[in-house]
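Asks: This structure is in structure tokens; I'll ask about it shortly.
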Amino acid sequence: MGQGQSGFVVEVARPKRGTFQAIPQNEPGEEAGPSPQEWRIIVNPSAEFFGSERLKELIEKLHRPHRLLSIGDAKQVLHALAALDPHADMLLPLLTLVSNATAYTANQIVLREATVVSRVVGMLLCADRSYPRPVRLMLLQCIANMAVATENLSS
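What follows is the structure, encoded as structure tokens:
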């Protein structure tokens with residue numbers, strides 16, 4: 384293990400924000416500098432998902448018309464809703480995706496099973512978060528679309 388150069392990065396995440404700070408680390412006695420191998424220790428695994436282009440790619444993938452969501456897609460949406468900052472740029476496109484997806488009954492079932500419905504209602508009712516007006520309007524639109532299915536009323 385001590386024969387080759389190695390390095391690692393510690394990423395410290397801020398809770399509920401999905402952002403992180405990368406702090407390069409070196410082994411004792413090593414000089415700072417680029418190393419051929421790099422290890423990553425991620426304190427908050429969701430930080431990598433929300434701090435990268437992966438969330439944007441997910442939204443673009445699911446934003447196609449006539450798209451039925453899988454339970455995995457719905458869970459990723461749920462985790463993104465839970466972790467994004469109220470003023471994040473990606474929150475409005477994500478809520479637009481949820482609103483558009485609820486046009487299909489099959490998607491409403493999947494979103495309800497993944498507890499996205501409860502999360503959206505909770506986001507609107509949560510008094511400690513100050514969402515911008517467009518986000519609040521999209522939250523209302525999502526709830527209105529989901530209220531069409533009577534099964535969602537109990538969620």
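Per my numbering, the sequence shown starts with residue 384, numbered consecutively. Even glycine gets a Cβ: it sits at the ideal position worked out from N, Cα and C.
Give me the Cα-Cα distance between Glu-443 and Arg-450, rounded to the nearest whole angstrom.
Replies: Answer to the nearest angstrom: the Cα atoms are 11 angstroms apart.
Asks: Closest to Gly-505 by C-alpha separation, out of Leu-461, Leu-441, Gly-455, Glu-534, would be which residue?
Replies: Gly-505 has its Cα closest to that of Leu-461, out of Leu-461, Leu-441, Gly-455, Glu-534.
Asks: According to DSSP, is Ala-465 helix, strand or coil?
Replies: Looking at Ala-465 - three-state DSSP - the assignment turns out to be helix.
Asks: Let me make sure I understand the geometry here. Which of Cys-509, Val-503, Thr-488 has the alpha-carbon closest to that of Ala-532?
Replies: Of the candidates Cys-509, Val-503, Thr-488, the one whose C-alpha sits nearest the C-alpha of Ala-532 is Thr-488.
Asks: Under a three-way DSSP split, which group does Arg-519 fall into?
Replies: DSSP places Arg-519 in helix when its eight states are reduced to three.
Asks: For Gln-524, I'd like the list of residues in its chain whose CB is within less than 7 angstroms of its CB, leaving aside the five on either flank, ordered along the chain.
Replies: Here the set comprises Ser-482.
Asks: Compute the Euclidean distance between the alpha carbons of Ala-530 and Ser-453, then round it to the nearest angstrom.
Replies: Ala-530 and Ser-453: Cα-Cα distance of roughly 21 angstroms.
Asks: Please determine, among Glu-534, Leu-438, Arg-495, the residue with the shortest C-alpha to C-alpha distance to Leu-474.
Replies: Closest by alpha carbon: Leu-438.
Asks: Ala-463 and Leu-445 look like a contact to me (Cβ under 8 angstroms); what is the Cβ gap, rounded to whole Å?
Replies: With 8 angstroms as the limit, Ala-463 and Leu-445 do not qualify as a contact, their Cβ atoms being about 11 angstroms apart.
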